[in-house]
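Read top to bottom, the protein sequences are chains A and B.
Take 1 as the starting number for the first sequence in the working numbering and just add one per residue.
Take 1001 as the starting number for the second sequence in the working numbering and just add one per residue.
First up is the structure itself, then whatever we jot down about it.
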Amino acid sequence: MIRAPFSVIGLLLIFSLATSPTQSEELKDLYFGEALFYAHQGQYFAALERLDTELKQHNGVDEPELDSLYSYIDDAEFSLGDFELRYRMHHRAGRAIKAVLEGAVDEVVRNDAAYRLASIHFQKGQMDEAMLALQRIDGKVPESIRDNVEFLRANIYLAQARPADAIDVLQKLEGSSAFGAFAAYNLGIAYLQNGQRQAALEQLERAGQFASSDPAALAIRDKSNLVLGTILLEDAEYAKSIPFLNRVRLDGPFSNQALLSSGWANMSLEKADRAVVPWKILSEREVTDRAAQEAILGLPYAYGKLNVHGRAAISYGHALDSFRLEVGKLNESIESIREGKFLQALIREEIRKDKDWVIRLRSLPETPETYYLMELLASHDFQTGLQNYLDLADLRHKLIAWQASFDSFDDMVGIRRTHYEPLLPDIDSDFRELDSRMRLRIEQHKMLVQRRDQLLTMPRPEFLATPEEQMMLRNIEKIEAQLKNSDSPFAVSSLQRAARLRGVLTWRLETEYHERLTTFDQNLRTLDTAMATLEEKYEQYVRSRQAATHSFVGYEKPISRLRAQAQNSVQKIDLLMARQGYLLEITAIEELSARRSTLENYTDKARFALADSYDRATQQQARIGEK
Amino acid sequence: MSRLNRSIAVALIFCGSLTAAGAQELSGDDMRSLDGQVQEIKSDVLNIASELGNLEERLLYPSNTQLALFVSIAQDKQLRLDAVKLEIDGQLATHHIYSFQELEALQKGGVQRIFTGNVVTGGHELRVTVLGKLDNGEDFNLSDSFSFDKGVKPKTLGIKLAGSGANGIQVGDW
């Protein structure tokens, strides 16, 4: 009984994954946006690769508050966990979500994280941990997950065999727009678990009349009617069970089972004529379905009860033909799986591009082994195994493609080395010479700037004298020195003339000082621009020179390490794929063998019943003849 | 026969399949154990992918010449983007035709790295041509040119598309 609520888990997870905290916000971080671009397309490997790298880079920067991711860091960390969850990396997802829970994040984000963590534990069957995670929810719960949280809580209670607690929660969820139908059904199951049979029947009856146009809600409504009808059938309340079984839609996923049970309920009421109708419909449906196969055998049984032995014999004949054909198909399928064709079919690219690929797989004429595996494909463990197998195939495909990249990188590095290595020594030698000249000029420029700055605070007109004026000043000084010690009668008059000359020069230097300083400053500014261009060119050269070295130096080790890691991973993947594939094949073969065994059993029964029907038909014919 | 078959019918409803469940139980533990190992290998391959991405970037797009162009759609617009063509200095850089999934991802706030390449430092011209449909179903074809300077650091430009009109294409530094 406990499996019934679990069947809703798939739907629950779909709901939980439909939310994303950053879905409608306009992002300012391009790299986080790029990760979302892939995530929104369901490419979680690419999304994780980018977001993981972006977060690592963000965590490595000195001033994270200046990084564009800073404002979105909570969302980014939350999304990382979310993507990991969607990529079925529950271990890492759990760690990432726990990190969000323990960080100083907004209440809404923390509660969302707690809910997701609880979902992970629930999916892994860790009910106590799931409940502990839910208990961390405190304060404001995002509207979008409010019902999800309560529905999950109820499911955990049911899984923990605490139906009374589940009942309290589910009663409040009956009005939920998203979960109303599921809550109504699960409430019925909870009553059953709690030993409240009558309440369960009434609740399932209510759930079976749930008004909705949503296909999932309609399916759960059918399931409620089917379960209710089946309980009554089991308790030999045949007449009561029939209306509920008849409520199940003929085109719904539970239709076959309902038609079969309806037939048995009528047979139990000795109303074989009424059993013929649902079984006739069912016997004409997909022949691989269990219920349809049972109806193929049940239909002639009902004809026999109606004493239409001729028709019964013909129907048993059809049943035998049909079962023989299906056993043949099953044998072929088992053989095909043993030859590895099942796994080959699963990893076909063109099939998996379709979101309904599992269903499409069944329609491929060259994959008969998949005809009988729909129920198996729907089981959680098998699906996990299957999905893992496909993920491994994808990873292997990526790693093999990367091997080619490594070879190209090696070639590229080799070509660059061959190109640059002979050129660089001469370039470096020329650069060293140029570098020393440039450094000299840079020093001279610095000195001139320093002088200009000094002149602005302490005027020194002689510093702005032209070379000619400087020579004249030196000559005057020399003449004055010679005349001072001279006994010549012209010495005094000559000294006066020299003083006048100095006066003329000083006058010129003093009166033209500001004009000269302005010209000097203007010239220096022109030089500043030239020096800035020079320094920029210098920087550019240094960078280009570094880039030349960086284009071929330092790649060998990382490339060879990554190549080894990739090879190692391919080996591990091959091993895992072999084990996973083997398990899938074994499980599939077991399922097919069991189905074959059932069909062989049916065949035996049909064969005996056919002989019996012929006898009875012959006797009946003889009696008619006698009359 | 009827009693036996009826009990099978009941079991089917609750358990899905008796035989399937049996086979499932047999391999369930193995499947779960393998699941853990699959998660580990996924983690390993993600690390390799991340390192390889960095290596590829360093090798193919050195920072002094690297140019990355990203495309996003204005969140208040519901335009249907069919294709984007980018030309740098008159040369075709990329021409991307959008799938429905890609368009939906952009409409939900995703940002597409549409081009990564190399350009020399200095001034360049980027020409963006967009083809698509507006909210009202009308086709639009919009082109605009933008100048940008490439320095010694990697250059990242975001191209935001908002449909037709003067601000239909906005290009900004990142």
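Ideal placement from N, C-alpha and C gives every residue a C-beta, glycine not left out.
This one's a predicted model, so the numbers in the text were calculated from it and none came from an experiment.
Please list the partners that L41 (chain A) has in chain B, where partner means a Cβ-to-Cβ separation under 9 Å.
-> The identity of residue 41 (chain A) in the sequence shown is Gln, whereas the question assumes Leu. Per Cβ cutoff of 9 Å: S1099, Q1101, E1102, E1104, A1105, G1110.
Is it buried or exposed for S322 (chain A), if we count other Cβ within 10 angstroms and need 16 for buried?
-> buried
Quick one: Cα of G554 (chain A) to Cα of S1033 (chain B), how far?
-> 40 Å
Compare the C-beta of P558 (chain A) with all C-beta atoms of chain B and state if any pair is closer than 7 Å.
-> yes
Pairwise C-alpha distance: I1041 (chain B) and A46 (chain A) = 15 Å
Local conformation of E294 (chain A) per DSSP, three classes | helix
Just mark L201 (chain A) as buried or exposed, buried being the case when its beta carbon has 16 or more other beta carbons within 10 Å.
-> buried
Beta-carbon proximity of A265 (chain A) to S241 (chain A), cut-off 7 Å = yes
What's the gap between the Cα of R197 (chain A) and the Cα of Y191 (chain A)?
-> 7 Å
Could you check where the beta strand (DSSP E) with G1158 (chain B) kicks off and where it finishes?
-> Looking at the DSSP string, the run of the beta strand (DSSP E) that includes G1158 (chain B) is 1155-1161.
Buried or exposed by the 16-neighbour rule on C-beta atoms within 10 Å, applied to G328 (chain A) = exposed
When the cut-off is 7 Å and only beta carbons count, does G1158 (chain B) lie next to chain A?
-> yes
Which class does A1023 (chain B) belong to by DSSP, given the choice of helix, strand or coil?
-> Confidence is the limiting factor: at A1023 (chain B) the pLDDT is only 44, short of 50, which leaves the residue's position unreliable and the question unanswerable from this model.
Starting from G317 (chain A), trace the alpha helix (DSSP H) both ways and give me its first and last residue.
-> 309-338
How about Q1039 (chain B): is its C-beta nearer than 7 Å to some C-beta of chain A?
-> yes
Strand pairing of V1171 (chain B), partner residues [DSSP] | B:I1159
With a cut-off of 7 Å, does the C-beta of S241 (chain A) fall near any C-beta of chain B?
-> no
Using a beta-carbon distance below 7 Å, is K1085 (chain B) in contact with chain A?
-> no
Okay, do the stretch 1151-1164 of chain B and the stretch 1132-1142 of chain B touch, 3+ Cβ pairs below 8 Å being the bar?
-> yes
S68 (chain A) in three-state terms, based on DSSP | Residue state for S68 (chain A) is assigned as coil, using DSSP reduced to three classes.
Inter-residue CB distance, F122 (chain A) and L85 (chain A) (contact presumed, cutoff 8 Å) | L85 (chain A) and F122 (chain A) do not touch by the CB rule: their CB atoms are close to 12 Å apart, not below 8 Å.
Any chain A beta carbon closer than 7 Å to E1057 (chain B) = no
Distance CB(Q203 (chain A))-CB(G188 (chain A)) smaller than 7 Å = With a cutoff of 7 Å on beta-carbon distance, Q203 (chain A) and G188 (chain A) are scored as near each other.
Contact list for G33 (chain A) against chain B, beta-carbon separation under 8 Å = F1070, S1072, G1109, G1110, V1111
Anyone know if the C-beta pair for G1158 (chain B) and L1081 (chain B) falls short of 7 Å?
-> no
Taking F1070 (chain B) and V1130 (chain B) to be in contact with their CB atoms under 8 Å, please state how far apart those CB atoms are, rounded to whole angstroms.
-> With a Cβ gap of about 14 Å, F1070 (chain B) and V1130 (chain B) do not count as contacting.
Delimiting residues of the beta strand (DSSP E) encompassing S1143 (chain B) = Taken as a continuous stretch (DSSP letters only), the beta strand (DSSP E) holding S1143 (chain B) covers 1139-1150.
Going by the CB atoms, is the gap between L260 (chain A) and A291 (chain A) shorter than 7 Å?
-> yes
What residue does the alpha helix (DSSP H) around S144 (chain A) start on, and which one ends it?
-> 143-159
Counting only the same chain and skipping the five closest in sequence on each side, list residues whose C-beta sits under 7 Å from that of T1065 (chain B).
-> N1118, V1119, V1120
Alpha helix (DSSP H) segment containing Q43 (chain A), residue limits | Careful: Q43 (chain A) lies outside any alpha helix (DSSP H) and carries neither H nor E.
Indicate whether N194 (chain A) and A164 (chain A) have their beta-carbon atoms separated by less than 7 Å.
-> yes
Please classify L584 (chain A): does DSSP put it in a helix, a strand, or coil?
-> helix
Identity of the residue in B:N1054, B:L1059, B:L1106, B:H1124 nearest D410 (chain A) by Cα | B:L1059
Under 9 Å by beta carbon: chain A residues contacting N1064 (chain B) = Q540, R543, S544, Q546, A547
Beta-carbon gap between S283 (chain A) and P300 (chain A) smaller than 7 Å | no
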